[in-house]
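Asker: Residue numbering for the sequence shown follows full-length UniProt numbering, beginning at 1 and increasing consecutively. For every residue, glycine included, the Cβ atom is placed at its ideal position computed from N, Cα and C. Sharing a structure with you now.
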Amino acid sequence: MKNISRVLCVIDPTSAEQPALARAAWLAGCNKAELDLFVCYYNEYLSGDRFFDSRSLRKARKEVIDDQLQRLEKLAKPLRDKELTVTVNAAWDHPLHEGIVRYAEESKAEIIVKDTHYHSLAQRVLLSNTDWQLMRLCKAPLWLVKPRPFADKPVIIAAIDPMNENDKPAALDDEIMVISRLLADRCNGDVRAFHAYDPRIAVATATANSYLPVSLPMDEIDKQMREQHGKRFHEVTNYHGIGDDHAHLVQGRTHEELPALATEHKADLVVMGAVARNRWKRLFIGATAERTMDHLPCDLLVVKPDWFHTPDDVLQSREEAS
Numbered sequence: 001m002k003n004i005s006r007v008l009c010v011i012d013p014t015s016a017e018q019p020a021l022a023r024a025a026w027l028a029g030c031n032k033a034e035l036d037l038f039v040c041y042y043n044e045y046l047s048g049d050r051f052f053d054s055r056s057l058r059k060a061r062k063e064v065i066d067d068q069l070q071r072l073e074k075l076a077k078p079l080r081d082k083e084l085t086v087t088v089n090a091a092w093d094h095p096l097h098e099g100i101v102r103y104a105e106e107s108k109a110e111i112i113v114k115d116t117h118y119h120s121l122a123q124r125v126l127l128s129n130t131d132w133q134l135m136r137l138c139k140a141p142l143w144l145v146k147p148r149p150f151a152d153k154p155v156i157i158a159a160i161d162p163m164n165e166n167d168k169p170a171a172l173d174d175e176i177m178v179i180s181r182l183l184a185d186r187c188n189g190d191v192r193a194f195h196a197y198d199p200r201i202a203v204a205t206a207t208a209n210s211y212l213p214v215s216l217p218m219d220e221i222d223k224q225m226r227e228q229h230g231k232r233f234h235e236v237t238n239y240h241g242i243g244d245d246h247a248h249l250v251q252g253r254t255h256e257e258l259p260a261l262a263t264e265h266k267a268d269l270v271v272m273g274a275v276a277r278n279r280w281k282r283l284f285i286g287a288t289a290e291r292t293m294d295h296l297p298c299d300l301l302v303v304k305p306d307w308f309h310t311p312d313d314v315l316q317s318r319e320e321a322s
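Here it is as structure tokens:
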């Protein structure tokens with residue numbers, strides 16, 4: 001991504017609070033981008049079908065969408081007063097994640113911004129099924145907003161995988177770094193790079209097929225892994241101009257170390273890549289990534305490989321409101 005010219009903000013029609021709106025407006029302002037406010041709405045009692053639909057139901061659906069557009073106009077007015085370019089759109093579509101994906105493709109959104117819900121007692125971001133499906137299906141980068149303050153000069157952590165584990169393409173690390181640097185440059189932010197390695201994985205692999213107890217030199221294994229991972233990690237960070245004091249190579253599990261680093265440095269945003277098995281299968285989010293995302297104390301931006309395209313069966317025509 002070399003530029004952000006169109007920001008799509010998903011508005012929750014059921015909530016009075018819209019944390020994503022503030023973040024999307026800030027992002028659009030930093031990038032001098034157009035901001036598109038979008039509601040995807042559906043009610044099964046008004047939907048009808050080809051056997052039971054009626055003129056009155058179609059009229060009711062149109063009135064609902066018109067009402068949502070009026071609400072969006074009220075949200076847009078103070079932003080336009082601040083000289084932001086804001087458009088509003090609403091669609092009758094379901095399921096919610098597919099409606100968002102379809103509209104994002106049609107509108108050529110370059111980044112999607114959406115709310116998440118945070119459970120303060122459990123200190124967890126409660127990602128919904130819609131959030132997970134959007135991570136899998138939408139081509140554009142997905143910014144999931146946590147309801148918390150966001151710094152004027154944000155700290156951005158780029159979580160990369162230079163060993164190309166989890167079947168991630170090497171180019172995805174570059175895309176993560178590029179978008180992290182772009183955001184930092186446009187909003188006067190600070191970028192840090194992160195990668196974790198776990199020697200216990202190598203030990204488990206080495207002893208998996210052994211019938212007898214095996215004594216392994218843990219210090220040597222750790223040293224070798226740190227050298228191997230460090231070499232690849234610093235090749236990426238040096239290429240993207242990240243200084244050694246901002247390049248964090250950590251021993252441990254990603255789902256533990258990344259949230260800890262984000263907390264330590266008061267990160268505002270973590271940028272991660274979606275995991276892919278290969279070019280022909282849909283993206284999936286692995287268990288490690290899921291645990292990591294749930295416990296991040298900040299916003300999350302999920303980036304796709306550049307070859308990814310939304311599956312054709314998702315991009316089928318939506319149900320019309322009228």
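Grouping DSSP H, G and I as helix and E and B as strand, with all else coil, what is residue 323?
Answerer: No answer is possible for residue 323: the residues shown for the chain start at 1 and end at 322.
Asker: Just verifying my parser: in three-state terms, what is the DSSP assignment at Cys298?
Answerer: Here the question's residue 298 lines up with position 298 in the sequence shown. In the structure shown, Cys298 sits in coil (DSSP, three-state: anything other than H, G, I, E or B).
Asker: Please state if the CB of Ala25 and the CB of Leu84 are separated by a distance shorter than 8 Å.
Answerer: Here the question's residue 84 lines up with position 84 in the sequence shown. Here the question's residue 25 lines up with position 25 in the sequence shown. Cβ distance < 8 Å, so Leu84 and Ala25 count as in contact.
Asker: May I have the straight-line CA-CA distance separating Cys298 from Ile221, to the nearest angstrom?
Answerer: Against the sequence shown, residue 298 aligns to sequence position 298. Against the sequence shown, residue 221 aligns to sequence position 221. Taking the straight line joining both Cα atoms gives about 33 Å.
Asker: My output table needs one value for Gly273: the three-state DSSP class, helix, strand or coil.
Answerer: Here residue 273 is taken as the residue at index 273 of the sequence shown, counted from 1. DSSP places Gly273 in strand when its eight states are reduced to three.
Asker: Report buried or exposed for Arg279, applying the criterion of at least 16 other Cβ atoms within 10 angstroms of its Cβ.
Answerer: Mapped onto the sequence shown, residue 279 falls at position 279. In this prediction, Arg279 has a pLDDT of 46, which is less than 50 and means its spatial position is unreliable; what the coordinates show is noted afterwards. Answer is exposed; the Cβ neighbour count stays below 16.
Asker: Which whole-angstrom value describes the C-beta separation of Val303 and Ala159, a residue pair presumed to lie in contact below a C-beta threshold of 8 Å?
Answerer: Here the question's residue 303 lines up with position 303 in the sequence shown. Here the question's residue 159 lines up with position 159 in the sequence shown. Not really, about 10 Å apart at Cβ, beyond 8 Å.
Asker: Going by DSSP, which residues form a beta bridge with Tyr197?
Answerer: For the purposes of this step, residue 197 is taken as residue 197 along the sequence shown, with counting starting at 1. Per DSSP, Gln251.
Asker: Quick check: His6 and Glu44, are their CB atoms within less than 8 Å of each other?
Answerer: Locating residue 6 in the sequence shown gives position 6, where the first residue counts as 1. Locating residue 44 in the sequence shown gives position 44, where the first residue counts as 1. The sequence shown places Arg at residue 6, not His. No, these two residues do not count as a Cβ contact at 8 Å.
Asker: What runs of the alpha helix (DSSP H), each 4 residues or longer, lie entirely inside the stretch 80-116?
Answerer: Fully enclosed alpha helix (DSSP H) runs of 4 or longer: 96-107.
Asker: Which residues bound the alpha helix (DSSP H) around Arg136?
Answerer: Within the sequence shown, the letter at position 136 stands for residue 136. Asn129 to Leu137 is the span of the alpha helix (DSSP H), which, as asked, contains Arg136.
Asker: Contact between the stretch 99-117 and the stretch 127-142 is defined here as three or more beta-carbon pairs at a separation below 8 Å; is this criterion met?
Answerer: The answer is yes - the stretch 127-142 touches the stretch 99-117, with three or more Cβ pairs under 8 Å.
Asker: Measuring alpha carbon to alpha carbon, tell me which residue in Pro147, Arg192 and Ala184 is nearest residue 330.
Answerer: Nothing in the structure corresponds to residue 330, since the chain is present only between 1 and 322.
Asker: For Lys231 and Asp245, I'd like the C-alpha separation in whole angstroms.
Answerer: Position 231 of the sequence shown, counted from the first residue, corresponds to residue 231. Position 245 of the sequence shown, counted from the first residue, corresponds to residue 245. Those two C-alpha atoms are separated by around 16 Å.
Asker: How is Arg6 classed by DSSP in three states: helix, strand or coil?
Answerer: Translated into positions along the sequence shown, residue 6 becomes position 6. Arg6 falls in the strand class under three-state DSSP.
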